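There are 2 protein chains.
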Amino acid sequence: MAECLRNLDELSFDLAAEKELAYYAKALAHPARIRLLTVLAAGGCLGSDLVEQLGLAQSTVSEHLRILREAGFVHAEVQHPRTCFSLKPEAVARARELLALMLEQ
Amino acid sequence: MAECLRNLDELSFDLAAEKELAYYAKALAHPARIRLLTVLAAGGCLGSDLVEQLGLAQSTVSEHLRILREAGFVHAEVQHPRTCFSLKPEAVARARELLALMLEQ
DNA sequence: CGCCATCATCGTCAATTAGCGGTGAAAATA
DNA sequence: TATTTTCACCGCTAATTGACGATGATGGCG
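Sequence order for the protein chains is A and B. Residue 123, in the numbering used here, is where the first sequence stops; the numbers in between run on with no holes. Residue 123, in the numbering used here, is where the second sequence stops; the numbers in between run on with no holes.
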């Protein structure tokens, strides 16, 4: 059924894109972080509210937010003493685009 | 700029979808597994060829393939003594769909 | 039957991650 | 200036992951 014998010599890899997609995926690879993003998808949100929605310690939620921020999924706008976190839709779009470009057709 | 004060009481979560997306992401969260999928995206492939392309030990590649198989990204068709691995495009499509449904708009 | 090639699984070790409490910085407000 | 609230960061522990070599199972082939 599947075609298994072919020439692999001419295969070339986009190492940067591979790392980028893996990095996005790593940031998404935890249910609590998905939950965070779904809350943020409905609009910006204070950290204290997120802690309440998640049911985890403040320090844990802060760490998840840091990971999401580093990956580019979340924007943090400081309004002391609060911070307003929001979803960066372009990061989601980029992740979807990479999936399509690299793994479809 | 961002709207941070809103009513969160009416938020409901799809726990199953959150876990599903996180599980897909976890499977993708390693450059070696992305590399495997990109090779497979060009057609089915023998495990021994994948080992060569990856430059990792056979047991390591086998473990990555197991993770991808469990997540539904890869199909394994045994043709003793070989096995032909191939990409399951519907899993990629599903991952993209979940991203769109849960995190866009 | 014995050999060979291929792939999965096991045990092990090092590195990473998830979770928590505690601490500290920052600015609005009293 | 002292207080309060909010959030980031540190240090710690337990659990998970990634990588490897070794071993084992499987069926084709000599």
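Think of the CB as a built atom: it goes at the ideal place given N, C-alpha and C, for glycine as much as any other residue. The model shown is predicted, which means the values in this text are computed figures rather than measured ones.
Cα-Cα separation between L58 (chain A) and A94 (chain A), rounded to whole angstroms: 11 Å
Alpha-carbon to alpha-carbon, K37 (chain B) and A118 (chain B): 15 Å
Spatial distance of L46 (chain A) from Y42 (chain B) (CA atoms): 9 Å
Cα-Cα separation, E108 (chain A) to R53 (chain A): 18 Å
CA nearest to the CA of A34 (chain B), picked from B:G90, B:L116 and B:E122: B:L116
Of the listed residues A:T101, A:L68 and A:H48, nearest to I85 (chain A) (C-alpha basis): A:H48
From A:S104, A:R51 and A:C63, residue whose alpha carbon lies closest to that of V79 (chain A): A:R51
Best match in B:A89, B:S77 and B:Q97 for proximity to L64 (chain B) [C-alpha to C-alpha]: B:Q97
Among A:Q123, A:A111, A:L121 and A:D27, nearest to L121 (chain B) - alpha-carbon criterion: A:A111
Q97 (chain B) - DSSP class collapsed to helix/strand/coil: strand
C-beta atoms of L39 (chain A) and V92 (chain A) nearer than 9 Å: no
Interfacial residues, the segment 68 to 80 of chain B to chain A, with Cβ spacing under 7 Å: Q71
Same chain, Cβ closer than 7 Å to R87 (chain A), neighbours up to 5 away in sequence not counted: A94
Reduced DSSP secondary structure (H/G/I, E/B, other) of E104 (chain B): In the sequence as presented, Glu is not what sits at residue 104 (chain B); that position holds Ser. It is a strand residue.
Chain-ordered neighbours of E36 (chain A) on chain B, where CB pairs are closer than 8 Å: P49, I52, R53 and T56
Within chain A, partners of L83 (chain B) - CB distance below 7 Å: Those within 7 Å of L83 (chain B) in chain A number zero; the least Cβ separation is about 14 Å.
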